[in-house]
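What follows is a set of notes on a single structure, which appears directly below.
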Amino acid sequence: MTRRTSDHSQPITVAISGSGGSGALTAGSILLAAAQRCDRYGLMMRAAGPQVRGGESVAILRIGPTPVTNIGDRVDLLAALDWRNIERFVDELPLDSDSLILFDPDSGPIPDLIAASGAEQRGVRFANQAKAQPEGRANMVAVGVAGSAIGLSLTALSEAAGEILANKPVETVRATQACISAGYPKPALAAETAPTRPARRRWRLSGNAAAGLGALRAGVDFVAAYPITPASEMLEWLAPQLERIGGNLVQAEDELAAVSMLVGASFGGVPALTATSGPGLSLMTEGIGLAVASETPIVVVDVARGGPSTGLPTKSEQADLDQALYGLHGEAPHLVLAPLDVGDCAFTTEWASRLAERLQTAAIVLSDQALGQTRAVIDPPAAAPPVPGRKRIDQDRAEQAPSTAGTAGTAGTAGTAGTAGTAEESPAKTAFARYRQSADGISPMSIPGEAGLTYTADGLAHDERGTPSSNAAHHRAQLAKLADKLSGHDYGDAWARRDRGDDYTHRNGSRPISLVTWGSSWGAVQEAAMRLREQGVAVQTIALRLLAPLQHEAMRRALADSEVLVVEINASGQLFRYLHAERVLPSAARSFARPGPLPLRPAEILNSVRELFGPPELERTEAAAISGAGSSRRLGGQA
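Letter by letter, the sequence shown follows residues 1 to 639 in the UniProt record's numbering.
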């Protein structure tokens, strides 16, 4: 037993690897479910190749007594079911001399790439022990061995196996539990076992499922999408949930059709959403522009992957920011948001959906594979802040007088969303000025069929009634309207997650440090900041949830009188360049930006802070064992 695996007061990182069909991911799922039963937090990332068929894979878990935000710097325990194609994952399995490798000696010697880490090695005949059980599986023996090593109780492991395999025959479940028991009682390996306690109110779900939950919380009732990795699981989760509440999910023939269906559904008064990834977002941009121009609310969740083109379908990268911000042609102001962790996928998707409905625009939610396909044990996700719903004609009678441009009359009064209104004048005498400017920049909408409230919803430039027009004054007025309603909205404090710790003061004559980040990078940044504070460095984290419209003044105030490092996982420093272009960063701000697909690790950020700012109290973090960590671009001044 190593020091790190025996200390259950600290997070422990466990990896289970195996070739196609070995069940490494199932084993990881059981360990995570057992951790929940043992009153632990945790998360599980999965590493797999790009092939459509099943193949070699690795489940990487981090389990701890407090909320877990990232996968950590190193693997503490590796359980290798076999060594086939392990070289494909060596960069994702950083090991060192404090790590423990459990391997089946019958599968051959440890490859040199793994042995070079200096990790402790212990042979366990997983397959041989499994053969002693009817329908025995080596991966379940590994669950017993690994579970005991990290202090999970046998009861919790057995119950978790019953849950994960609930759809299997009873005989299979019993054989699985017998294999777990066979692997568990190893006095040489077993750590002190944490007692099984009644589960606290914690949830276990993926980021994709959490995003789906957020959509339902916001009232999304229609989803249209074309399947794409790694977003498809969100659609799979939503399909039965929507059916249960009377909503609809349509698998479209392609992404162009999907986004067009959203616009149509929303025009009809139904909150609508789609989920896709980078290639699909590219195809949807014209339809998103139509939603912006016609002021029709839609939500597009981009579960980003590495690119360009087909790129890295099963790996993560934060490289779609430029496309989300600038990918629409013409002047098309819209919302761009990014969740920060698995639970925040629910919060941010709910908030984005509510904002889109209120502001009558398109919202792009930038998740990624590292968030979407990660499963985590978390506290229940927080609800998004309240936002008034879609503005209807009866909510704005005082401002929405009938247009006199060509037709006289009085606009009717509509009911609530989804019900027909009652017009005070006949449609022939009424001219509904759908796009007339209002005090808050938001014009009330009607639903097709409401008497006297007919209008043209078009992608062409138009006047306040929606009539196509190339008049310069009409064009300028509508562009200003699109921008003003977004910039004038009060987003409150939810625009970012800020943390200054308990003591954000100057130390040793140096200025405090601000770590600015977004999306899935937040977890590693948060842990790096915690370690910096332990070493006496004054540091704050600012994780942007609302990327557009950017909250300029709030950002400038937050960054005042501090050294700034912008952290992200893409090659070109897209957030850094965006913030510089928007003039919210000090001229000496620096960038830590490296491409994916490897997850960001806290040690990378610690060493970057030391090299760039050199606070004397900061110790060097040994990150040499972090295989394939890559390099970063550090830019001073304007990008």
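Where a beta carbon is used, it is the ideal one built from N, C-alpha and C, also for glycine.
Sort Ala-149, Ser-107, Leu-78 and Ser-148 by Cα distance to Ala-119 and report the nearest one.
-> Leu-78
Going by the beta-carbon positions, is the gap between Pro-391 and Ile-442 smaller than 7 Å?
-> Inspection of the sequence shows that residue 391 is occupied by Lys rather than by Pro. Result yes, Cβ atoms of Lys-391 and Ile-442 sit closer than 7 Å.
In angstroms, rounded to a whole number, what distance separates the CA positions of Asp-96 and Leu-600?
-> 18 Å
When DSSP builds the beta bridges, which residues end up paired with Met-45?
-> Ile-60
Assign Gln-133 to buried or exposed, taking buried as 16 or more other Cβ atoms, counted over all protein chains shown, within 10 Å of its Cβ.
-> buried
With DSSP as the reference, label Pro-240 as helix, strand or coil.
-> helix
Could you tell me if Gln-318 is buried or exposed, where buried requires 16 or more neighbouring beta carbons within 10 angstroms of its beta carbon?
-> buried
Simplified DSSP state of Val-145, which is helix, strand or coil | helix
Have a look at Val-303 and Ala-370 and give me their C-alpha separation to the nearest angstrom.
-> 9 Å
Taking 8 Å as the threshold, find out whether the stretch 23–42 comes into contact with the stretch 372–380 through three or more Cβ pairs.
-> yes
Kindly give me the distance between the Cβ atoms of Val-336 and Leu-273, rounded to whole angstroms, as I take these residues to be in contact under 8 Å.
-> In fact, because the Cβ distance is near 15 Å, the residues do not count as touching under 8 Å.
Secondary structure at Pro-602, three-state DSSP: helix, strand or coil?
-> helix
Work out the CA separation of Pro-67 and Pro-185 for me, nearest whole Å.
-> 29 Å
Whose C-alpha, out of Ile-101, Ala-138, Ala-209 and Ser-153, is nearest the C-alpha of Ala-175?
-> Ala-138
Between the C-alpha atoms of Met-234 and Gly-372, what's the straight-line distance to the nearest angstrom?
-> 8 Å
Going by DSSP, which residues form a beta bridge with Ala-363?
-> Val-299 and Leu-335
With distances taken from CA atoms, which of Asp-76, Gly-151, Asn-128 and Leu-81 is nearest Ser-117?
-> Asp-76
Span of the alpha helix (DSSP H) holding Ala-182?
-> 170–183
Take Gly-519 as the anchor and find which of Asn-70, Ala-451 and Leu-559 has the nearest alpha-carbon.
-> Asn-70
Give the range of the beta strand (DSSP E) segment to which Ala-215 is assigned.
-> First-last for Ala-215: 207–217, but that is the alpha helix (DSSP H), not the beta strand (DSSP E).
Give the secondary structure of residue 668 by DSSP, where H, G and I count as helix, E and B as strand, and everything else as coil.
-> The structure shown does not extend to residue 668, since the chain is modelled only from 1 to 639, so the question has no answer here.
With DSSP run on the structure shown, which of helix, strand or coil describes Val-377?
-> strand
Have a look at Ala-439 and Ala-252 and give me their C-alpha separation to the nearest angstrom.
-> 39 Å
Is the number of C-beta pairs between the stretch 522–539 and the stretch 470–480 that are closer than 8 Å three or more?
-> no
Is it the case that the Cβ atoms of Ser-277 and Arg-305 are separated by a distance below 7 Å?
-> yes
Whole angstroms is fine: what's the gap from Ala-27's alpha carbon to Ala-142's?
-> 8 Å
Would you decide whether Gln-10 is buried or exposed? Buried here means 16 or more other CB atoms lie within 10 Å of its CB.
-> exposed
Below 8 Å, can you find three or more Cβ-Cβ pairs linking the stretch 332–346 to the stretch 285–293?
-> yes
Kindly list the residues whose CB is nearer than 6 Å to the CB of Ala-218, restricted to its own chain and excluding five residues on each side of it in sequence; keep chain order.
-> Glu-350, Ser-353 and Arg-354
Inter-residue CB distance, Ala-603 and Asp-73 (contact presumed, cutoff 8 Å) | 5 Å
Ala-34 and Leu-113 look like a contact to me (Cβ under 8 Å); what is the Cβ gap, rounded to whole Å?
-> Not quite, the Cβ-Cβ distance comes to about 30 Å (not below 8 Å), so this is no contact.
For Leu-249, collect the residues of the same chain with a Cβ closer than 7 Å to its Cβ; drop the 5 residues on either side in sequence, then sort them by chain order.
-> Val-223, Leu-235, Leu-238, Ala-239 and Leu-242
Just curious, the beta strand (DSSP E) that Gln-540 is in, first and last residue?
-> 539–544
Nearest neighbour of Glu-255, chosen from Gly-280, Ile-245, Ser-232 and Val-270 [CA to CA] = Gly-280
For the stretch 584–599 against the stretch 552–567, are there 3 or more C-beta pairs whose distance is under 8 Å?
-> yes
In the structure shown, what three-state DSSP assignment does Ser-403 receive?
-> Reliability of the predicted coordinates at Ser-403 is poor, the pLDDT of 43 falling under 50, and no value is obtained from them.
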